[in-house]
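The numbering of the sequence shown is the working numbering, which starts it at 1 and goes up by one. A virtual CB, placed ideally from N, CA and C, is assigned to each residue, including glycine. No experiment lies behind these values; they were computed from the predicted model shown.
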Amino acid sequence: MGIKTISELDIAGRRLFIRVDFNVPLTPEGKVSDDTRIRESLPTIKLAIEKGARVVLASHLGRPKGKVDKKYTLEPVASRLAELLGADVTLTDEPVGDGARKVVNDLHGGQVALLENLRFSPAEEANEEAFSRALASYADVYVNDAFGTAHRAHASTVGMTKFVSEKGIGLLMEREVKFLGKLLGDVERPFVAIIGGAKVSDKIGVLDNLLGRVDQVLIGGAMANTFLKAKGGKLGRSLVEDDKLALARAFLKKAAEANIDVLLPRDAVAAAGTKSESGRVVQAMAVPEDLAALDIGPETARGFADAIARAKTIFWNGPMGVFESEPFAAGTLAIAQAVAAATGALSVVGGGDSVAAVHKSGLADKITHISTGGGASLEFLEGKKLPGLAALES
Ligand code: ADP
Ligand code: MG
Numbered sequence: 001m002g003i004k005t006i007s008e009l010d011i012a013g014r015r016l017f018i019r020v021d022f023n024v025p026l027t028p029e030g031k032v033s034d035d036t037r038i039r040e041s042l043p044t045i046k047l048a049i050e051k052g053a054r055v056v057l058a059s060h061l062g063r064p065k066g067k068v069d070k071k072y073t074l075e076p077v078a079s080r081l082a083e084l085l086g087a088d089v090t091l092t093d094e095p096v097g098d099g100a101r102k103v104v105n106d107l108h109g110g111q112v113a114l115l116e117n118l119r120f121s122p123a124e125e126a127n128e129e130a131f132s133r134a135l136a137s138y139a140d141v142y143v144n145d146a147f148g149t150a151h152r153a154h155a156s157t158v159g160m161t162k163f164v165s166e167k168g169i170g171l172l173m174e175r176e177v178k179f180l181g182k183l184l185g186d187v188e189r190p191f192v193a194i195i196g197g198a199k200v201s202d203k204i205g206v207l208d209n210l211l212g213r214v215d216q217v218l219i220g221g222a223m224a225n226t227f228l229k230a231k232g233g234k235l236g237r238s239l240v241e242d243d244k245l246a247l248a249r250a251f252l253k254k255a256a257e258a259n260i261d262v263l264l265p266r267d268a269v270a271a272a273g274t275k276s277e278s279g280r281v282v283q284a285m286a287v288p289e290d291l292a293a294l295d296i297g298p299e300t301a302r303g304f305a306d307a308i309a310r311a312k313t314i315f316w317n318g319p320m321g322v323f324e325s326e327p328f329a330a331g332t333l334a335i336a337q338a339v340a341a342a343t344g345a346l347s348v349v350g351g352g353d354s355v356a357a358v359h360k361s362g363l364a365d366k367i368t369h370i371s372t373g374g375g376a377s378l379e380f381l382e383g384k385k386l387p388g389l390a391a392l393e394s
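Structural data, given as structure tokens:
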């Protein structure tokens, strides 16, 4: 594809700017509550240190709305990173400016600086040229390792790359491109896609692009309600996108014409609302008027698990139910277990909530690849060119 990887770049003694994804969740006291994203960037940072690069890290955190807001300082991230690396990490006072320039220029080979939250400036998301040039002035070499923002054309992901001649991707990004890329290439069959989550509109692009590639599509979550209603089902108070019924019908028709098997739920766990303490199993096509389908039922979970057990390639995006709530988590857990048990298959999970569900299940290490990018992984699989990757092609 013409994109270099960090291992192919000459970084020894040079200022290596790495766009990382340190957009971690914080506790109300401002401590890092989950350091997964920091840990995931360690291999790239350690490689850079070992090779003697002068390492300049940059990330956004939260939504400070283009203003300096101490609630979103990267301070706690810098401390956690320093602990994990066992080395000093100097945080600059601002993303760009005199302070930042001095910190960067004072770096020796193998030392690490972190620019303050990029979104403290509105120029980051607006992809402004002056800001892009300022960031580029800290870089002899540019590496993007932040897959989660690769679908956004911001100053740190796209704008600045024009002004740095040597560039490429980090180890984390390399893994993302490798495994998500596999799903778009020749795969071992059967290839089963499991799609769930909240909205048809979020996922229809992926469904469409995967239609020509997969053998079977399993649809769960609130998404499934819209498909079931499109087939004449009664959905009670379930979440249904009434304006997407035609889209769902068109998808089912295309799938039938292409001989692709689409499995929809046969039963559901329904309750009055997500706060209900328990649900009851109902037919998916006949949800009682006063109830909402909040999870796939046990028969559906078994059927889906059987299909997953036969698969050689698996892609999963979107939970099967309101998994955040214990009475409606069983369907998602059953799918996580089935995917984890398919040890002979290539399995890829993408999507913020699906990934959270997999981590919650404790089965993450049984899955071939867990994508760090929600929106980015979907856009990649929709066949779109991600701006952050396109900017690195040569
Ligand atoms: P991902 O982040 O993995 O792409 P989505 O954001 O599309 O997934 O969807 C996740 C959300 O969908 C969760 O908050 C979950 O509670 C919700 N959801 C799943 N099934 C249902 C359902 N049957 N009814 C209402 N909400 C649902
Ligand atoms: Mg989500």
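Sorted by chain position, which residues of the same chain lie with C-beta nearer than 6 Å to residue i's C-beta, five sequence neighbours on each side aside?
i: Gly-350; result: Asn-317, Ser-371, Ser-377
i: Ala-301; result: Gly-331, Ala-334
i: Glu-299; result: Arg-266, Asp-267
i: Ala-222; result: Ala-198, Leu-239
i: Leu-57; result: Ile-18, Val-20, Leu-114
i: Ser-361; result: Leu-333, Ala-336
Specify, as a first and last residue, the run of the beta strand (DSSP E) that residue i falls within.
i: Glu-166; result: 166-169
i: Arg-19; result: 15-19
i: Leu-252; result: It is not in any beta strand (DSSP E) - Leu-252 instead sits in the alpha helix (DSSP H) that spans 245-257.
i: Thr-283; result: For clarity, residue 283 is Gln in the given sequence; the question names Thr instead. It spans 280-283 - the beta strand (DSSP E) in which Gln-283 sits, taken as one unbroken run.
i: Asp-261; result: 261-263
i: Val-192; result: 191-195
So residue i and residue j are in contact, right, with Cβ under 8 Å, and what is the actual spacing, rounded?
i: Val-200; j: Thr-226; result: 5 Å
i: Ala-146; j: Asp-21; result: 4 Å
i: Leu-263; j: Ala-307; result: 6 Å
i: Gly-62; j: Asn-23; result: 7 Å
i: Ile-45; j: Arg-80; result: About 13 Å separates the two Cβ atoms, so there is no contact after all.
i: Ala-48; j: Ile-11; result: 6 Å
i: Ile-296; j: Ala-342; result: Going by Cβ atoms, the distance from Ile-296 to Ala-342 rounds to 18 Å, so no, they are not a contact pair.
i: Gly-212; j: Lys-203; result: Not quite, the Cβ-Cβ distance comes to about 16 Å (not below 8 Å), so this is no contact.
i: Ile-194; j: Leu-210; result: Actually they are not in contact, since the Cβ atoms of Ile-194 and Leu-210 sit about 11 Å apart, beyond 8 Å.
i: Glu-166; j: Val-141; result: 5 Å
i: Ala-357; j: Ala-336; result: 6 Å
i: Leu-291; j: Ala-270; result: 4 Å
i: Asp-215; j: Asp-261; result: 7 Å
i: Leu-172; j: Glu-40; result: 6 Å
Grab me the residues of residue i's own chain with a C-beta within less than 8 Å of its C-beta, minus the 5 sequence neighbours each way, in chain order.
i: Arg-88; result: Note that residue 88 is Asp in the sequence shown, not Arg. Hits under 8 Å: Ala-82, Gln-111, Val-112.
i: Leu-42; result: Leu-84, Leu-85
Quick check on the DSSP output: the alpha helix (DSSP H) that includes residue i runs from which residue to which?
i: Phe-120; result: Per DSSP, Phe-120 belongs to no alpha helix (DSSP H) and is neither H nor E.
i: Phe-227; result: 221-230
i: Phe-304; result: 298-310
i: Gly-99; result: 98-105
i: Gly-388; result: 387-390
i: Ala-271; result: Unbroken run through Ala-271 is the beta strand (DSSP E), 267-271; no alpha helix (DSSP H).
Buried or exposed: which applies to residue i, given that a residue is buried once 16 or more other Cβ atoms fall within 10 Å of its Cβ?
i: Pro-25; result: exposed
i: Ala-246; result: exposed
i: Glu-379; result: buried
i: Ser-59; result: buried
i: Pro-95; result: buried
i: Lys-51; result: buried
i: Ser-121; result: buried
i: Asn-117; result: buried
i: Thr-73; result: buried
i: Ser-132; result: buried
i: Pro-396; result: Look at the range of the chain in this structure, 1 to 394, and you will see that residue 396 is not part of it.
i: Asn-144; result: buried
i: Glu-289; result: exposed
i: Ser-394; result: exposed
i: Phe-181; result: Sequence inspection shows Gly at residue 181; the Phe mentioned does not correspond to that position. With fewer than 16 Cβ atoms within 10 Å of its Cβ, Gly-181 is classed as exposed.
Given residue i, which residues of its chain have a CB within under 7 Å of its CB, disregarding the five upstream and five downstream residues?
i: Thr-368; result: Phe-179, Leu-346, Ser-347, Val-348
i: Ser-325; result: Thr-274
Given 8 Å, three or more beta-carbon pairs between the stretch 134-154 and the stretch 282-300: Short answer: they don't touch.
Stretch-stretch touch, CB-based, cutoff 8 Å, three pairs: the stretch 121-131 with the stretch 156-174: yes
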